[in-house]
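Undergrad:
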Ligand code: ACM
């Protein structure tokens, strides 16, 4: 299965231009699954809730339609997150589009820092989608800091975890190695690059998009500053082997009666 990340630097608010860039990057790519950064179309540092609601889209809006068009044209599944307006709420919604349709949807459960003032926490469970026989789960950026997120996906049988991100803290690329080892799954973390300075806030995104294997192998990793599109062939079935030694099963050996 050919999977990959598109690490790039969206320009805040330039949704059409950002979508055009994604389409340009991916125009000749042959792959089965591509992960885009969190908020690939809008950018991240919203000045206010009003600005967020203006840039947010209802289900079926232009960025959803864009992903569907792209997945149909490419014959690949595409994962990315979009600011989704639902009545007075706005969610950080991660979607998997395949064959021209949104096939799976997850709304970011663990909001990071100022997101708590802007977004409604996700109301959908961590879940797994069957992509032509491969079990694919989704989580978004700061979910990495809660091991329960990836564990929930692993318990539901995820072989590959797609992880659109806008990382600013330095820890995640290393932490995801552990997340993959402890769950025996692949993870595709796609981060963005660049700096957004708005609303008196300056955030520099750390890049380092990566694909990690089920034993913590760093199969490929981008650098901190450059845009980068990379594809790799992986064998999702390797994620079904949960034996970390001859006698230790990553899931069955848990002792939940001792955990709070
Ligand atoms: C983040 O969750 N965007 C850091």
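In the working numbering, the protein residues as written are -4 to 255. Just so you know, even glycine gets a beta-carbon here, dropped at the ideal spot from N, CA and C.
(1) Taking the Cβ atom as the reference point for each residue, do residue 22 and residue 78 lie within a distance shorter than 8 Å?
(2) Below 7 Å, is the gap between the Cβ of residue 161 and the nearest heavy atom of the ligand ACM?
(3) Buried or exposed, going by whether 16 or more other CB atoms sit within 10 Å of the CB of residue 184?
(4) Could you tell me the alpha carbon to alpha carbon distance between residue 106 and residue 51, rounded to whole angstroms?
(5) Would the beta-carbon of residue 179 fall within 8 Å of that of residue 209?
(6) In the structure shown, what three-state DSSP assignment does residue 185 receive?
(7) Flag residue 33 as yes when its Cβ comes closer than 7 Å to any non-hydrogen atom of the ligand ACM, and as no otherwise.
(8) Can you tell me whether DSSP reads residue 78 as helix, strand or coil?
(9) Would residue 191 and residue 40 be called neighbours here (beta carbons separated by less than 8 Å)?
(10) Would you call the stretch 198 to 214 and the stretch 167 to 174 touching, i.e. three or more CB-CB distances under 8 Å?
(11) Assign residue 145 to one of three DSSP states: helix, strand, or coil.
(12) For the ligand ACM, is there a heavy atom less than 7 Å away from the beta-carbon of residue 175?
(13) From which residue to which residue does the beta strand (DSSP E) around residue 11 run?
(14) Since residue 129 sits in a beta bridge, which residues does DSSP pair it with?
(15) For the structure I just gave you, are there three or more beta carbon pairs, one from the stretch -4 to 9 and one from the stretch 105 to 124, closer than 8 Å?
TA: With the structure as the only source:
(1) no
(2) yes
(3) buried
(4) 17 Å
(5) yes
(6) strand
(7) yes
(8) strand
(9) yes
(10) yes
(11) helix
(12) no
(13) Taken as a continuous stretch (DSSP letters only), residue 11 belongs to no beta strand (DSSP E), being part of the alpha helix (DSSP H) at 10 to 21.
(14) 126
(15) no
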